[in-house]
Amino acid sequence: MNRNVILGKDWLVQNGVRLYFDLGCLRIQKNYVPLEEDINVASVVRLTVNAVLKPQSINVCPVGLKNNPSFGSTKLLEISPVASGYVSTEPGLMISNTVVNFNKNRKFPLMIVNNTNKSIRLKRGCVVGKASHLEEINLVNVNQSQGTSGLKKLDESEISVPQEFKKDILRMIRDNEDVFATSDKDLGCTDTVQMTIDTGNNPPIRLKPYRAPLNQREIIDRTIEELLEAKIIRKSRSAWAAPIIIVSKKDKTSRMCVDYRRLNAISKIYSFPLPLIDDLLASVGKAKVMTSLDLKSGYYQVKVKESDKEKTAFVCHKGLFEFNVLPFGLASGPSLFSELVTEVLQGLEHFSTAYIDDILIFSETEEEHLGHIQQVFDRLRQHKLKLKLKKCNFLQNETNYLGFIISKDGLKPDPEKVKAIQGMKAPSNVREVRGLIGCLSYYRRFVPSFSKIAEPIVALTRKNKVFNWTTTCQVAFEKLRDELVKVPLLAYPDLNKPYVLYTDASDSCVGACLTQLQENPIKGEKEVERPIYFLSHKLSDTQTRWSTIEKEAFAIHYALQKLNHYLYNAEFVIKTDHKPLKYILESPCKIRKFNCGL
Numbered sequence: 001m002n003r004n005v006i007l008g009k010d011w012l013v014q015n016g017v018r019l020y021f022d023l024g025c026l027r028i029q030k031n032y033v034p035l036e037e038d039i040n041v042a043s044v045v046r047l048t049v050n051a052v053l054k055p056q057s058i059n060v061c062p063v064g065l066k067n068n069p070s071f072g073s074t075k076l077l078e079i080s081p082v083a084s085g086y087v088s089t090e091p092g093l094m095i096s097n098t099v100v101n102f103n104k105n106r107k108f109p110l111m112i113v114n115n116t117n118k119s120i121r122l123k124r125g126c127v128v129g130k131a132s133h134l135e136e137i138n139l140v141n142v143n144q145s146q147g148t149s150g151l152k153k154l155d156e157s158e159i160s161v162p163q164e165f166k167k168d169i170l171r172m173i174r175d176n177e178d179v180f181a182t183s184d185k186d187l188g189c190t191d192t193v194q195m196t197i198d199t200g201n202n203p204p205i206r207l208k209p210y211r212a213p214l215n216q217r218e219i220i221d222r223t224i225e226e227l228l229e230a231k232i233i234r235k236s237r238s239a240w241a242a243p244i245i246i247v248s249k250k251d252k253t254s255r256m257c258v259d260y261r262r263l264n265a266i267s268k269i270y271s272f273p274l275p276l277i278d279d280l281l282a283s284v285g286k287a288k289v290m291t292s293l294d295l296k297s298g299y300y301q302v303k304v305k306e307s308d309k310e311k312t313a314f315v316c317h318k319g320l321f322e323f324n325v326l327p328f329g330l331a332s333g334p335s336l337f338s339e340l341v342t343e344v345l346q347g348l349e350h351f352s353t354a355y356i357d358d359i360l361i362f363s364e365t366e367e368e369h370l371g372h373i374q375q376v377f378d379r380l381r382q383h384k385l386k387l388k389l390k391k392c393n394f395l396q397n398e399t400n401y402l403g404f405i406i407s408k409d410g411l412k413p414d415p416e417k418v419k420a421i422q423g424m425k426a427p428s429n430v431r432e433v434r435g436l437i438g439c440l441s442y443y444r445r446f447v448p449s450f451s452k453i454a455e456p457i458v459a460l461t462r463k464n465k466v467f468n469w470t471t472t473c474q475v476a477f478e479k480l481r482d483e484l485v486k487v488p489l490l491a492y493p494d495l496n497k498p499y500v501l502y503t504d505a506s507d508s509c510v511g512a513c514l515t516q517l518q519e520n521p522i523k524g525e526k527e528v529e530r531p532i533y534f535l536s537h538k539l540s541d542t543q544t545r546w547s548t549i550e551k552e553a554f555a556i557h558y559a560l561q562k563l564n565h566y567l568y569n570a571e572f573v574i575k576t577d578h579k580p581l582k583y584i585l586e587s588p589c590k591i592r593k594f595n596c597g598l
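Here the sequence shown is numbered in UniProt numbering, starting from 1 and rising by one per residue.
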């Protein structure tokens with residue numbers, strides 16, 4: 001037909017016309033007629049050059065408007081597919097709806113996707129789409145009233161970044177406002193992982209609420225109200241019920257927690273591994289600039305499977321409630337969140353690492369660091385996660401991470417943590433002794449002969465040992481506190497240089513020190529032997545009866561086992577003050593217990 005006509009229903013029925021919208025055609029008796037769009041209100045977009053589209057590729061091709069349309073004063077056009085045209089009729093070729101700026105020469109780039117396994121040639125002038133007028137609306141007032149205003153009102157002084165990089169970081173924050181929470185209610189909601197609670201065939205556990213002190217009920221009331229408003233929890237009619245407790249935080253405020261110990265006891269615990277802190281710290285290497293990111297209430301950005309929400313129910317004087325998101329206190333929580341962060345940072349491990357919800361980005365130059373930050377932002381956006389801006393530290397020469405001060409020069413304990421240890425009082429029972437040992441042991445890599453010094457304190461935790469905090473224990477405690485004040489700056493391992501391993505043994509302990517010849521960051525000397533790790537171990541009663549050569553050999557054996565992740569397939573030299581150990585190399589079978597290890 002060369003005329004536009006309207007076909008009535010009666011005519012269509014009489015002539016047996018069938019419409020096939022899925023095939024884009026109609027059938028009149030035995031003839032098929034393609035259905036064409038009315039593009040009088042639009043303008044045909046055609047290819048301006050010959051193009052070859054490689055298989056499985058995305059191509060940006062120059063296109064133009066051939067018929068010189070008049071769109072008035074508008075500067076924006078919407079480019080969309082058209083039913084009639086080469087791209088629409090060729091299986092595997094497609095274009096996406098695109099908004100472009102309309103200029104005088106009527107030419108612009110267009111993305112064409114070739115999903116086929118063959119190369120496709122497109123001739124100049126073929127129809128690839130249509131251009132339609134796009135109405136422009138002033139959205140200034142709308143934007144000012146939306147959630148992004150939360151960042152606009154933020155005091156710039158609260159953003160932790162060196163002054164010389166503040167402009168770059170502020171621009172980056174503005175460009176990525178959607179990855180930052182604007183309020184306590186503005187939380188992400190990832191679909192990457194989901195919390196499931198497998199309790200097998202165990203019946204529901206229903207516990208009575210703990211009696212809360214009257215002066216703490218206000219904390220519970222306020223917390224319940226905030227969690228309900230943020231849709232973190234909801235009212236429940238579950239057969240499960242766990243009590244709540246109030247715990248004090250380090251900033252002297254209080255937090256409401258749920259006691260899930262009985263639920264954890266019957267649940268299958270997720271076994272995804274937590275990252276080793278030693279490996280995380282070693283991965284930083286000699287990065288010169290670092291950024292630490294903190295997720296906004298990270299657990300609350302992970303959903304709980306709908307059928308398992310009832311198992312998170314908790315009870316208090318306000319009633320029965322259950323969590324919509326991952327609550328604190330579930331045994332599988334840390335492992336699940338580690339899986340999430342591992343998935344988020346997959347492929348970015350050479351410049352980023354994370355422990356639970358603490359993300360660290362590290363780079364050798366400021367320029368590449370900005371690019372690394374943007375890549376992490378993109379991943380967070382992809383996985384629908386949000387950050388707490390006030391807890392993020394950008395482009396730092398040194399940063400506090402996992403209780404350590406990390407810088408390009410090396411590793412040292414967090415002074416605030418050391419100060420807290422200095423203020424600790426002597427324990428009054430075995431439980432407090434275990435807590436003290438755990439706290440001190442976190443920094444044992446910095447303290448030579450840690451095991452030997454701490455032995456009087458560790459002895460109090462042994463089975464059938466009566467607690468008695470003696471003068472010897474107090475002296476050991478004070479010595480360990482003093483040692484933490486004057487600890488050396490530990491170097492990062494350089495995989496391209498050999499190590500030196502020093503070992504020694506005494507009557508009750510063995511020790512080792514791993515060092516490496518590196519540039520001295522303090523004195524500016526070319527190279528100096530710097531410690532990387534201090535190691536010590538208390539000998540058992542049986543081991544204390546060994547001969548001197550056996551103890552010295554065990555010191556080497558123990559050090560090689562514990563420092564294997566540094567020394568495996570690396571060049572190193574062992575130095576010891578016990579010359580008879582050379583005999584092991586000549587007749588290793590004489591000390592069979594270490595033969596395999598050495």
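For glycine and all other residues, C-beta sits at the position ideal for the given N, C-alpha and C.
Cβ distance (whole Å) where residue i is taken to contact residue j below 8 Å
i	j	result
Asp308	Thr196	6 Å
Lys107	Pro62	6 Å
Leu480	Val447	7 Å
Residue i vs residue j beta-carbon contact at 7 Å
i	j	result
residue 627	Ser236	Any question about residue 627 goes unanswered here, given that the chain covers just 1 to 598.
Ile269	Ala331	yes
Ser292	Tyr401	yes
Ala51	Leu122	yes
His383	Ser451	no
Gly329	Val258	yes
Ile421	Cys316	no
Glu364	Lys288	yes
Pro488	Cys513	no
Val179	Leu387	yes
Leu295	Tyr355	no
Tyr260	Ala242	yes
Ser271	Ala131	no
Ile28	Val13	no
Ile219	Ser254	yes
Arg431	Tyr533	no
Gln516	Tyr502	no
Ser283	Leu187	no
Leu389	Val433	no
Between the CA atoms of residue j and residue i - distance to the nearest angstrom
i	j	result
Leu263	Ala476	40 Å
Phe362	Ser352	6 Å
Asp577	Lys486	26 Å
Pro266	Asn201	The sequence shown places Ile at residue 266, not Pro. For Ile266 and Asn201, the distance between alpha carbons rounds to 9 Å.
Thr548	Phe554	10 Å
Arg171	Glu177	10 Å
Tyr558	Asp504	11 Å
Gly147	Phe377	With a pLDDT of 41 at Gly147, under the threshold of 50, the modelled position of that residue is not reliable, and the figure given next carries that caveat. Roughly 19 Å separates the two Cα atoms.
Leu348	Leu360	11 Å
Ser160	Thr192	30 Å
Val302	Gln194	6 Å
Lys185	Leu214	28 Å
Asp10	Leu77	40 Å
Asp409	Arg379	30 Å
Ser96	Glu343	28 Å
Gly125	Glu368	42 Å
Ser80	Lys497	59 Å
Glu229	Glu310	19 Å
Ser428	Asp482	21 Å
Asn15	Val60	46 Å
Glu519	Val528	6 Å
Gly597	Ser338	Note on Gly597: pLDDT 49, under 50, position unreliable in the model; the coordinate value appears next. So the two alpha carbons sit approximately 33 Å from each other.
Leu19	Gly129	23 Å
Lys579	Trp546	17 Å
Thr399	Ala491	16 Å
Asn569	Thr199	44 Å
Leu484	Thr470	22 Å
Cys439	Lys425	13 Å
Sufficient close CB pairs (3 or more, under 8 Å) joining the stretch 502-513 to the stretch 446-464: yes
Flag this pair as touching only if the stretch 42-57 and the stretch 108-120 have three or more C-beta atom pairs under 8 Å; answer yes or no. yes
In chain order, what are the residue ranges of uninterrupted beta strand (DSSP E) at least 3 long that sit wholly in the stretch 286-331? 289-294, 302-304, 314-316 and 319-323
Every unbroken alpha helix (DSSP H) within the stretch 416-453, with a cutoff of 4 residues, ordered by chain: 430-441
Within the stretch 163-237, note down every full beta strand (DSSP E) run reaching 3 residues or more, in order along the chain. 190-195 and 233-235
Can you list, in chain order, the stretches of the beta strand (DSSP E) that have 3 or more residues and sit fully within the stretch 106-138? 107-114, 120-122 and 127-133
Whole alpha helix (DSSP H) runs in the stretch 546-574 with 4 or more residues, listed along the chain? 548-562 and 564-567
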